[in-house]
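For reference, the structure discussed in these notes is given below.
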Amino acid sequence: MRSDAGDPSPARADLFPATGGSSRRSSAGRPRSARISPFNDPRYGAGTSEIGVLMDLEKLLSDRLAPAFAAVAGGPVDPLVRRSPRADFQSDAPLALARRLGRPPRDVAAAVLEHAVLDDVCESAEVSGPGFLNLTVADRTLTDLVAGLVGDARLGVPPTAAPQTVVVDYSAPNVAKEMHVGHLRSTVIGDAAVRLLDWLGHRVVRVNHLGDWGTPFGMLIAHLADLGEAEAAHELSMGDLDGFYRAARAKFDADEAFRERSRQRVVALQGGDERTLRLWRLLVEQSERYFLTVYDLLDVTLTEDDFRGESAYNDLLPGIVDDLDRLGLLVSSGGADCVFPPGFGGRDGEPLPLIVRKSDGGYGYPATDLAALRQRTGELGATRLLYVVGLPQRQHFAMVFAVARAAGWLCPPAEAEHLGFGSILGTDGRMLRSRAGESVKLVGLLEEAVARATDLARARNPELDAEAAAEIGRAVGVGAVKYADLSTDRRKDYVLDWERMLSLDGNTAPYLQYAYARIRSVFRRAGTDARRDAPIVLAQPAERALTVELLGFGAVVAEMERSLDFHQLAGYLHRLATTFNAFYERCPVLRAPDELRESRLLLAELTARTLRQGLHLLGIRTLERM
RNA sequence: GCGCCCGUAGCUCAGCGGAUAGAGCAGGGGACUUCUAAUCCCAAGGCCGCAGGUUCGAAUCCUGCCGGGCGCACCA
Numbered sequence: 017m018r019s020d021a022g023d024p025s026p027a028r029a030d031l032f033p034a035t036g037g038s039s040r041r042s043s044a045g046r047p048r049s050a051r052i053s054p055f056n057d058p059r060y061g062a063g064t065s066e067i068g069v070l071m072d073l074e075k076l077l078s079d080r081l082a083p084a085f086a087a088v089a090g091g092p093v094d095p096l097v098r099r100s101p102r103a104d105f106q107s108d109a110p111l112a113l114a115r116r117l118g119r120p121p122r123d124v125a126a127a128v129l130e131h132a133v134l135d136d137v138c139e140s141a142e143v144s145g146p147g148f149l150n151l152t153v154a155d156r157t158l159t160d161l162v163a164g165l166v167g168d169a170r171l172g173v174p175p176t177a178a179p180q181t182v183v184v185d186y187s188a189p190n191v192a193k194e195m196h197v198g199h200l201r202s203t204v205i206g207d208a209a210v211r212l213l214d215w216l217g218h219r220v221v222r223v224n225h226l227g228d229w230g231t232p233f234g235m236l237i238a239h240l241a242d243l244g245e246a247e248a249a250h251e252l253s254m255g256d257l258d259g260f261y262r263a264a265r266a267k268f269d270a271d272e273a274f275r276e277r278s279r280q281r282v283v284a285l286q287g288g289d290e291r292t293l294r295l296w297r298l299l300v301e302q303s304e305r306y307f308l309t310v311y312d313l314l315d316v317t318l319t320e321d322d323f324r325g326e327s328a329y330n331d332l333l334p335g336i337v338d339d340l341d342r343l344g345l346l347v348s349s350g351g352a353d354c355v356f357p358p359g360f361g362g363r364d365g366e367p368l369p370l371i372v373r374k375s376d377g378g379y380g381y382p383a384t385d386l387a388a389l390r391q392r393t394g395e396l397g398a399t400r401l402l403y404v405v406g407l408p409q410r411q412h413f414a415m416v417f418a419v420a421r422a423a424g425w426l427c428p429p430a431e432a433e434h435l436g437f438g439s440i441l442g443t444d445g446r447m448l449r450s451r452a453g454e455s456v457k458l459v460g461l462l463e464e465a466v467a468r469a470t471d472l473a474r475a476r477n478p479e480l481d482a483e484a485a486a487e488i489g490r491a492v493g494v495g496a497v498k499y500a501d502l503s504t505d506r507r508k509d510y511v512l513d514w515e516r517m518l519s520l521d522g523n524t525a526p527y528l529q530y531a532y533a534r535i536r537s538v539f540r541r542a543g544t545d546a547r548r549d550a551p552i553v554l555a556q557p558a559e560r561a562l563t564v565e566l567l568g569f570g571a572v573v574a575e576m577e578r579s580l581d582f583h584q585l586a587g588y589l590h591r592l593a594t595t596f597n598a599f600y601e602r603c604p605v606l607r608a609p610d611e612l613r614e615s616r617l618l619l620a621e622l623t624a625r626t627l628r629q630g631l632h633l634l635g636i637r638t639l640e641r642m
């Protein structure tokens, strides 16, 4: 069972229905008719929504505008509906269409308006500026849609109509080596991808592509043998993997006899020597045990079942070479077996090979990656392969994918995507390093985050007992690190700045967690849940703004299924929290007259559920109090 | 040398063909006998690296330059 520490199962199941599984399934292939509305669709009674899709305002407006555009253009046109600073929404499409039709943009916009049926959902719809359509949604539409959200455990996000098998390759630490900040991004981003795709109803296979094979293992095993198994196991179980590695390395550099023993160990390992293999397994097991403690601290859903080291593909490697040869793709160059995918050049302008088998007969990581890919599309039947690996390996994956396509191991509908990411920088703008110039230990980083967050919690709240402070410190500290990673475009480098990411305001995890805790506090005081059937009343602009924001969750999540750009979800959650805090400031909940009080409790509950679900998708915990 | 990525407010970042380029932080001014002020409100802050081009319209697309990062055959 996966130790999903961030599972949103609430203390009060009635208030926060579980959202882990696909509890409701919308009718697949449902027609996207523009004429279906919350008001005329018999399946769509207020508060008892059977389908999630029409809780999405953008889609509702888009569906209404599409036929009108089609009528004007004589063919399908995407209405390009988006949020607008001048109204609730705007359509940009008339501008582009005007050129195609050779008519003035404002005329086109006006013609679209004439054809569009918007009266029942919009308070106003008008041509604006050079030819935009500004749409202001009727309050009645907002209250009806948000009432549908109340009854929807999935908050307006329907499960996918086309489930795929998705393999997510992420984390991938190296045996007998410490996890460092470089593994942080892969682990955090990969885990968010897994959580999202799983929630959307895909079959997700986590693969932790452990670095558990290769020449360094000769050295490590030789060192292990010198120490004796018992002593080595003890050292490794302390979690000091780097100490072990460094000691082996130092002997390797200094001692010729040790170097020779190391080389013999490599040969013995590859030759399947039982005693050597046993030592190797000890190394792997101890390392895996250590990695699991890091994953536990990180609140990541990886378990022991997800380890699939490079060695797992060893038996498949000769077949890869043979089959490439049979397909006529293999070229011998400099004694190595290579494939030269077109379009890749090297330093000297020569074609760049993917070296499948080295001149010494050994296999490198290209062979392993090809074998793994083939196993994923073949045996596992995956149609989406994600590789959460740093951007420097971009060319490598482009070549592997190109060769796999040429070999027929990667063909539609299956597709592979390198989910690359940038580096973590220090506040000096350079790659994050420890003072000694080494890579920074991941656990050290996490421990510092937790310690800092715990201190902050104590300083804010001196009456907290030690246990509560520790729990808050952990959720906030780890959440802050993960959120800092996920809240900016993953392709860019980002600066790790303690002050900023642990700050209680700004686009940070603590800010979002605090908004959630505040809402929970309201419900503790209320001593009751929100009444599910209470009508939503939009008495003030802040209530209206919050409602519009709540209705945007589905569109953001839907967009991320494809892009996996988690900073968009982070941005949405921050916007939602900001909008809620403004609402909270101006709209008393518990002190309000009955009707308003019930309505506001519902809005608060929806906000909390959305924050919790959104943060959960990012792998970040919420707290009942802070 | 070839290739890829990145230069947006003092700082960290959104925006990637559409209206007057948005947030947050820091700095300035205001709001606490609080439904948790770990909050909110207000004002200020920009030749979107530079120069051309395409377009009714360019931070966004194309070309060239400048600055920074990364990769380029037997390490993964």
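In the working numbering, the protein residues as written are 17 to 642.
Even for Gly, the Cβ is constructed at its ideal location relative to N, Cα and C.
Because the structure is a prediction, the values reported are computed rather than measured.
Around the beta carbon of Gln411, fewer than 16 other beta carbons sit within 10 angstroms, so the residue counts as exposed.
For Asp185, there is no enclosing alpha helix (DSSP H); the enclosing beta strand (DSSP E) covers residues Thr181 to Asp185. With respect to the 8 Å criterion, Phe569 and Gly172 are classified as neighbours on the basis of their beta carbons. DSSP places Asn190 in no alpha helix (DSSP H); its state is neither H nor E. Under the three-state reduction of DSSP output, Ile636 falls in the coil class, being neither helix nor strand. DSSP lists no beta-bridge partner residue for Glu326. Of the candidates Ser537, Leu585 and Trp215, Leu585 places its Cα closest to the Cα of Asn523. With a cutoff of 8 Å on beta-carbon distance, Ala533 and Arg641 are scored as near each other. Distance from the CA of Phe233 to the CA of Leu441, rounded to the nearest whole angstrom, comes to 30 Å.
Sequence-distant Cβ neighbours of Ala387 in its own chain, meaning closer than 7 Å and more than five residues away, are Tyr329, Leu332, Leu333 and Ile336. Sixteen is the threshold: since fewer than 16 other Cβ atoms of the shown chains lie within 10 Å of the Cβ of Glu515, the residue is exposed. Beta-carbon to beta-carbon, Ala469 and Leu518 are separated by about 6 Å, close enough to satisfy the 8 Å threshold. Spanning the alpha carbons of Leu295 and Ser503 requires a straight line of approximately 42 Å. Taking the Cα positions, Val553 is about 12 Å away from Leu562. Cβ-Cβ distances below 8 Å link Arg219 to Pro179, Gln180, Thr181 and Val182 in the same chain, with the five nearest sequence neighbours on each side left out; the list follows chain order. The C-alpha of Thr152 lies about 60 Å from the C-alpha of Leu340. Val573 sits in a helix when the DSSP states are folded into three classes. Note that the C-beta distance between Arg613 and Asp155 is not below 8 Å.
In the DSSP assignment, Ile552 falls outside any alpha helix (DSSP H) and carries neither an H nor an E. DSSP places Gln280 inside the alpha helix (DSSP H), whose first and last residues are Glu272 to Gln286.
Where His250 is concerned, there is no enclosing beta strand (DSSP E), although the alpha helix (DSSP H) around it starts and stops at Glu245 to Ser253. In terms of Cβ geometry, Ala531 and Leu639 do not form a close pair [threshold 8 Å]. Three or more beta-carbon pairs separated by less than 8 Å link the region 342–356 to the region 415–435, which places the two stretches in contact. Remark: three or more beta-carbon pairs, one from each stretch, lie closer than 8 Å, so the region 93–100 and the region 108–120 are flagged as touching. The region 378–448 is shown to contain whole beta strand (DSSP E) runs of 3 or more residues at 400–403 and 431–434, in chain order. The residue from Asp501, Ser78 and Glu326 with its alpha-carbon nearest to that of Ala132 is Ser78. Runs of the alpha helix (DSSP H) spanning 4 or more residues and lying entirely within the region 89–127 occur at 109–117, in chain order.
In this chain, the beta strand (DSSP E) harbouring Glu142 covers Cys138 to Ser144. Between Leu299 and Val191, the C-beta gap is smaller than 8 Å, which places the two residues in contact.
Looking only at His239, Gly380, Ala114 and Leu73, the smallest Cα-Cα distance to Pro146 is reached by Ala114. Counting along the chain, Phe307 sits inside the alpha helix (DSSP H) bounded by residues Glu290 to Leu314.
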